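Asks: Pasting a structure here, questions to come.
Residue numbers (the numbering used here), protein chains in the order written: chain W, 1 to 339; chain A, 340 to 678; chain C, 679 to 1017; chain S, 1018 to 1356.
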């Protein structure tokens, strides 16, 4: 099939490569032209403007947006006047599903079909394939099946799930799924990322506890501001975190792709000294928590993971000052200096 | 090699089978004799008492305890008088690592070597192999390498970790690891299980949010005790959780063995109606949190996962009553009846 | 001054009484007429419809809405056509401050002034006075100062705050405050209630731990599903919770009005057996957390308090079933029956 | 009565003053002699060694230890050989109640009575009185009633609790309470402090959210690493935190002594610029959480408050690095520099 890709960043460029590898034709556009040049050299048809891209696509067109969430509305505003009824516009980024509802509605008034596709896979998707969660009209999703099948990982050597015998042949086993009407794709992707935050934090906390397992070897101050370590003899272990991550990759309950990546990172740098520990969050974690709160369901773990990222960026500083100020007021406690 | 196995429950019996399959000789004992009979029929040498088991093993003996954590001390008390200096006693269960320190010390005084082996793998370990985290004397661990290698999963088709080139050949890649001196094995297993709790809770919360994605279709009461759902139109999705679990198994960031199991469970019963949601915890999660607190490091996610289990068993009831009592006192609020 | 009060529930009726006690004239309306009859007998001017109420007020009118958050928009829709430019409409309930922004804007177009007044005090406000957090135009707030002063607690015998010497005379010391433009009043009230949830949960958890301080006296099962209590001798205390709440009321760091109420509740019923522990939440806790998330600041305690309420209502059931299902899949663990 | 006080820090010295003001005789000792000199000038009998202090007390003696938790065991070891059967030794500091059990047992063998007295009140206790939670033998507690009554705040003008009519006359209303056998006093004090952490954190988080209420005025970057603020128009408030703390002191649900202190701190310095936000924890918060975990009850709020202190001291750094490392591995995400 033919597809227009807008946005050739880490994700978009590799998706084009995977599509071309699967025999599809890609017309590509990017705000900065270098990425267009690069992909043109690899066989894509370059476009130097949105209008050029639209002109180079046969109708009904299929266009895939792969731009930052904050830029999607502007991209749609720029594109919509150029499109014709029957065209399909896909947002493959990390949009808030609530925005999908609004956009699908607005585009529908012009006869344009809108799909929201949550796309997971990161920078390794070119080789592994992309896991896609799709929202929109069933017949439009079906029409683009060849695109999704090429981008998806396929069954590979992952063993089939017992109990799914009567569901064999569904696309979920190939790594893409029509989740429901508009917004459904990004809703599922949102929760996917919310879970991702929780999983990552679980590993991170665990490895931190392993790393601190030797604190019994250190000297500790004895004063009213410091809790003495009651049993230093219980914390005398110098663990090799890279080897522990590695051993868990085989046969343990906590084996996962995120653990594989952690093993790689710890092997490359056991102290992770390239990082400062200032962790971004790109929206889905927040929206997942907001959905839980709207629903009135507890999401302690996903929220704790989100807040840990906020704290990592120093956002708790003022509240910590309040604590120190209270302690000074009632107990005359002075802060201990950083050491 | 020859090994005596004490405790033939879910884990122990299958470990014997895997060992025999690897050419080792097993003498087996269990409190209730049926399991001994079963394994004898499969080639093990049965023992009808601890003394019988000890007598049937060549010295220096290797004995592996696979009994509940609460029964380990009694088992050691029963066994120790029967053993000789040079014998090796392995605790392969889920003991608290602090107990290992005490036990190793006591047994060392009698010349008996003690190993603590955290063993992960569950009921699928027979086929997949067991991931083992080992604490104790290096030379004793080395002597039992053939045992560990047979029990472990081996490299299988799991791709090697980039960056480990200079660590190739270490046992971590086969799924077992000498983690350090006594207690180290169970410390690492403890944290493994703590992480496991966190991972499980992350998935559980995420799937609950997906399940509640249709609450906008329900009617809601309008009164001062109930927060109205501001945007019912945002919660109109009927998701197929089994398909979502399945699609995430391929190419997504949240792929893991626990997700594979969740996909199986949801395929077998989308409502999970065989379960009531009363979740046990078997110790390691608690000990992990206690270690974090002793170390003074935050473990929000692992702790939230632990507390969710406590709450699932109704342990928050009195504190919830306090909240209701306060609300009644200051606001005259009556509890809403369960519906 | 003259004021029209709409909504004569727990809060509204007592506010009318306090206003009349302060020499103000109140015209009152309520959906069900009994409350109007009652207050008329106490000196208020009853109205049998919104139109009647509006007709009985001199222009420019001052109207105070004291209705559930979910009913405010309809009340405003009903009232607005009856009002004249220059009239003042106050929402004294627990509205979401975001709604205030919209309402103030819409009413402003008709020349109607809108104030949002977060009102704390509960059923004891008649005697204690009401703490008011006010948002809206400064001159309108100033014009209604006599109303606020009467409703507020006043300085009473609460000692002045050291360090406020240059702020003496501000209304904050009387218990009411113009917090900022529209929405500011409800924003501050929202955070007030968010904090309230956190404080309540802190006490509730603490008293639960005190209540469980005798669990070492109970028998415990020994099996692989249950963590043994390592030190039953540490949990042999039968505490008198009512006396503990009482002793903390004097001189302790945790003294507060909420503690006073807890002491009352525990004195009346040490087991709180009139309550089942199903705790409502009325919106502000959720909005506080959503504000924190929008701001990107961590609010672990306020969120944990909110989620505890969700869990108290059984909203975690499905996620707990997922945990049980996973445990069954990997470990063959069966749920323990409720006892 | 006559009492020997050991440890004349912030708490001990003022307790001596309050005791002398109530007509008691105090013999005082401190490691550094300046405090002894100061109090001698105010009427206390100074001692220049523990032996001197013991010699100056009539038998049976009453000795009160007011030293850091980490120094109690050494103090007892030094004192015990100097004491006689029948003497009473009080630990008034913040000891772990588990240590009380051990100490009481050891001293009991020598005929020495031991009391554990959790003492709240901080640096303001001299004027306000000290709230005391007492564990030990009933008759010993009764014998020292005059001491406790003097130290305690007394009824003051705090209104009696409704529902306690049949408990009038108990000491809880004076601000001291015999909570149970040894350890009970410090257990209750431990939970008191655990609650204190939770209350403090609730206020701190709330004030932080108020402080960030103007972030909609700031410019925000638009990139894939930053979640855009969806509604900057909702965050345009410049709140006066000191006035808000003040207004809540009167009539609101969140009024408390900790709020009074917060109002003072914010009045003195609205930005709290004397503090860096590095918050100590002195043990009781940790022990409270450990008790909850041993009991198997959830304490989400108290634990979140504890962890926030750990994080304030940078203890989450390594786990945050793990998160960044994972994000780099799967998404090629680079950390954003601190701004």
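Think of the CB as a built atom: it goes at the ideal place given N, C-alpha and C, for glycine as much as any other residue.
Quick caveat: nothing in here was measured; it's all calculated off a predicted structure.
Can you check whether the CB of residue 1196(S) is closer than 8 Å to the CB of residue 1151(S)?
Replies: yes
Asks: Return no unless some Cβ of chain C is closer than 8 Å to the Cβ of residue 620(A).
Replies: yes
Asks: With 16 as the cutoff for other CB atoms within 10 Å, does residue 1108(S) come out buried or exposed?
Replies: buried
Asks: Roughly how many whole angstroms lie between the Cα atoms of residue 146(W) and residue 1(W)?
Replies: 7 Å
Asks: May I ask you to report which of helix, strand or coil DSSP gives residue 451(A)?
Replies: coil
Asks: Take residue 353(A) as the anchor and find which of 618(A), 624(A) and 491(A) has the nearest alpha-carbon.
Replies: 491(A)
Asks: Would you be able to state if there are at least three C-beta pairs under 8 Å between the stretch 177 to 194 of chain W and the stretch 529 to 549 of chain A?
Replies: yes
Asks: Are the C-beta atoms of residue 182(W) and some chain D residue less than 8 Å apart?
Replies: Going by chain labels, chain D is absent from the structure shown, which instead holds the protein chains W, A, C and S.
Asks: Any chance you could list the beta strand (DSSP E) runs of at least 3 consecutive residues sitting entirely within the stretch 146 to 212 of chain W, in chain order?
Replies: 176 to 180
Asks: Sorted by chain position, which residues of the same chain lie with C-beta nearer than 8 Å to residue 101(W)'s C-beta, five sequence neighbours on each side aside?
Replies: 182 and 183
Asks: Helix, strand or coil for residue 1028(S)? Go by DSSP, reduced to three states.
Replies: helix
Asks: For residue 762(C), count neighbouring C-beta atoms within 10 Å of its own C-beta (all shown protein chains included) and say buried if the count is 16 or more, exposed if not.
Replies: exposed
Asks: Kindly list, in the order they appear in chain C, the residues whose Cβ is closer than 7 Å to that of residue 395(A).
Replies: What residue 395(A) touches in chain C: nothing, since even the nearest Cβ is about 27 Å away.
Asks: Look at residue 766(C) and residue 818(C) and say whether their C-beta atoms are less than 8 Å apart.
Replies: Result yes, Cβ atoms of residue 766(C) and residue 818(C) sit closer than 8 Å.
Asks: Could you have a look at residue 633(A) and say whether DSSP puts it in helix, strand or coil?
Replies: helix
Asks: With residue 382(A) and residue 359(A) assumed to form a contact (beta carbons below 8 Å), what rounded beta-carbon distance in angstroms separates them?
Replies: 5 Å
Asks: If I measure Cβ to Cβ from residue 984(C) and keep anything under 7 Å in the same chain, skipping five residues before and after, which residues do I get?
Replies: 875, 959, 963, 964 and 967
Asks: Thinking C-beta only, is residue 294(W) closer than 8 Å to residue 568(A)?
Replies: yes
Asks: Exposed or buried, what is residue 752(C) when buried is set at 16 or more other beta-carbons lying within 10 Å of its beta-carbon?
Replies: exposed
Asks: Hey, could you find the ends of the beta strand (DSSP E) residue 279(W) is sitting in?
Replies: No beta strand (DSSP E) contains residue 279(W), which DSSP labels as neither H nor E.
Asks: At a CB-CB cut-off below 7 Å, which residues of chain C make contact with residue 290(W)?
Replies: 968 and 971
Asks: Identify the contact partners of residue 1244(S) in chain A, using a Cβ-Cβ distance below 8 Å as the criterion.
Replies: Under the 8 Å cutoff, chain A gives no residues; its nearest Cβ is about 18 Å from residue 1244(S).
Asks: Compare the Cα-Cα distances from residue 1277(S) to each of 725(C), 837(C) and 705(C) and report the closest residue.
Replies: 837(C)
Asks: Could you say which of 336(W), 96(W), 256(W) and 86(W) lies nearest to residue 188(W) if we only look at CA atoms?
Replies: 96(W)
Asks: Would you check if the distance between the CB atom of residue 686(C) and the CB atom of residue 705(C) is smaller than 8 Å?
Replies: With a cutoff of 8 Å on beta-carbon distance, residue 686(C) and residue 705(C) are scored as not near each other.
Asks: In whole angstroms, give me the CA-to-CA distance for residue 324(W) and residue 949(C).
Replies: 36 Å
Asks: Among residues of its own chain, excluding the 5 on either side of residue 1218(S), which ones have a beta-carbon nearer than 6 Å to its beta-carbon?
Replies: 1322 and 1325
Asks: Give me the Cα-Cα distance between residue 104(W) and residue 5(W), rounded to the nearest whole angstrom.
Replies: 19 Å
Asks: CB residue 393(A) to CB residue 1347(S), shorter than 8 Å?
Replies: With a cutoff of 8 Å on beta-carbon distance, residue 393(A) and residue 1347(S) are scored as not near each other.
Asks: Go through its chain and collect everything with a Cβ distance to residue 955(C)'s Cβ below 7 Å, but skip five positions before and after it.
Replies: Here the set comprises 990.
Asks: Whose C-alpha, out of 1154(S), 1153(S) and 1135(S), is nearest the C-alpha of residue 1147(S)?
Replies: 1135(S)
Asks: I'd like to know if residue 1225(S) contacts chain W, where contact means its C-beta is closer than 8 Å to some C-beta of that chain.
Replies: yes
Asks: Measuring CA to CA, which of 716(C), 943(C), 821(C) and 750(C) is closest to residue 658(A)?
Replies: 943(C)
Asks: With 8 Å as the threshold, decide whether the Cβ of residue 1011(C) is near any Cβ in chain S.
Replies: no
Asks: List the residues of chain C whose Cβ lies closer than 8 Å to the Cβ of residue 515(A), in chain order.
Replies: Those do not exist, as residue 515(A) stays about 19 Å from chain C at its closest Cβ, beyond 8 Å.
Asks: Can you list, in chain order, the residues of its chain whose CB lies under 8 Å from that of residue 45(W), leaving out five sequence neighbours each side?
Replies: Sequence-distant partners of residue 45(W) (beyond 5 residues in either direction) whose C-beta falls short of 8 Å from its own C-beta, in its chain, are 25, 26, 27, 28 and 56.
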